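In the working numbering, the protein residues as written are 204 to 454.
For glycine and all other residues, C-beta sits at the position ideal for the given N, C-alpha and C.
Owing to the predicted nature of the structure, the values given are computational and were not obtained by experimental measurement.
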């Protein structure tokens, strides 16, 4: 778990929401190194970091926080790094077809979805009433909330399919969709919010569902960068100390 968490930090935002297996696949694709070898190297690095932290604790534990000027300067020079793609937030009524194999069963699922759409259009039932029939157990008790979805979320696009993404991202705030097909089933979507693509301001939240701001993320990065510099210096000092304590022969 320690190694997995350390690698997640290295990868950053991309690792958010990934399963452990997805993380391993990303590491293998990006580095060309088998997971076992990469994780073993990461484990060795963690052990070295712990040793240096223990021996050079006075130096490593007294890293000054970045100043406001340092944070602002980094933001001004790197603001494009904080671009956020179009993001939507919606509720949905979901009919799951993943366990259905035959055409007849899939047709019944579609008819079920079309029946819900008809009830909505006629006013016979409200969205909140129909969402109680949703197959999405994680959202049906929360008014069908799907949460936020970014248009550049490759993993979820693979999961849900191009047709679903194209349909959802064409909706306007407050709009109710018809029946939308995904790789998982049928959906009726109620669009709650549409966030257009933009560069985040320094005090904006990086993730609309989270609390961390751009300023806080930059501060953490600058502290980490200072730690890396001090870590390198500390390793060099330890090596020099060892050289002084032992006779080293070069062949």
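- What residue from 415, 265 and 251 has the CA that sits closest to residue 438's CA? Cα-wise, what sits closest to residue 438 is 251.
- Message: What does the Cβ neighbour count give for residue 290, buried or exposed, with the cut at 16 atoms within 10 Å?
- Response: buried
- Nearest candidate by alpha-carbon position, reference residue 429, set 233, 297, 230 and 268: 268
- In this structure, what does DSSP give as the bridge partners for residue 292? 351 and 396
- Could you check what DSSP says for residue 391 in three-state terms: helix, strand or coil? It is a strand residue.
- Nearest to residue 404 by CA position, among 315, 324, 390 and 421, is which residue? 421
- Message: Let me make sure I understand the geometry here. Which of 388, 286 and 352 has the alpha-carbon closest to that of residue 309?
- Response: Distance from the Cα of residue 309 is smallest, within the candidate group 388, 286 and 352, for 388.
- Query: How about residue 385 and residue 352: do their beta carbons lie closer than 8 Å?
  - Reply: No.
- Query: What are the start and end residues of the beta strand (DSSP E) that includes residue 380?
  - Reply: 379-384
- Message: Using only CA atoms, which one of 412, 390 and 391 lies nearest to residue 398?
- Response: 412
- Query: According to DSSP, is residue 286 helix, strand or coil?
  - Reply: Of the three classes helix, strand and coil, the one that applies to residue 286 here is strand, per DSSP.
- Which of the three DSSP states, helix, strand or coil, is assigned to residue 408? strand
- Where residue 265 and residue 237 are concerned, what is the direct C-alpha to C-alpha distance, given to the nearest angstrom? Looking at the backbone, the Cα of residue 265 and that of residue 237 are separated by about 37 Å.
- Message: Could you compute how far the alpha carbon of residue 424 sits from the alpha carbon of residue 281?
- Response: 12 Å
- Run through DSSP, which three-state label would residue 338 get? coil
- Message: Between the alpha carbons of residue 354 and residue 328, how many angstroms are there, rounded?
- Response: 31 Å
- Message: Please state whether the Cβ-Cβ distance between residue 320 and residue 382 is less than 8 Å.
- Response: yes
- Neighbourhood of residue 245 by C-beta, 7 Å cutoff - its chain only, sequence neighbours within 5 removed: 206, 209 and 210
- Task: Note down the Cα distance separating residue 277 from residue 225, rounded to an integer number of angstroms.
- Result: 31 Å
- Tell me, please, which residues DSSP counts as bridged to residue 234. DSSP, once it has assigned bridges, lists no residue as partnering residue 234.
- Determine the DSSP secondary structure at residue 298, reduced to helix, strand or coil. strand
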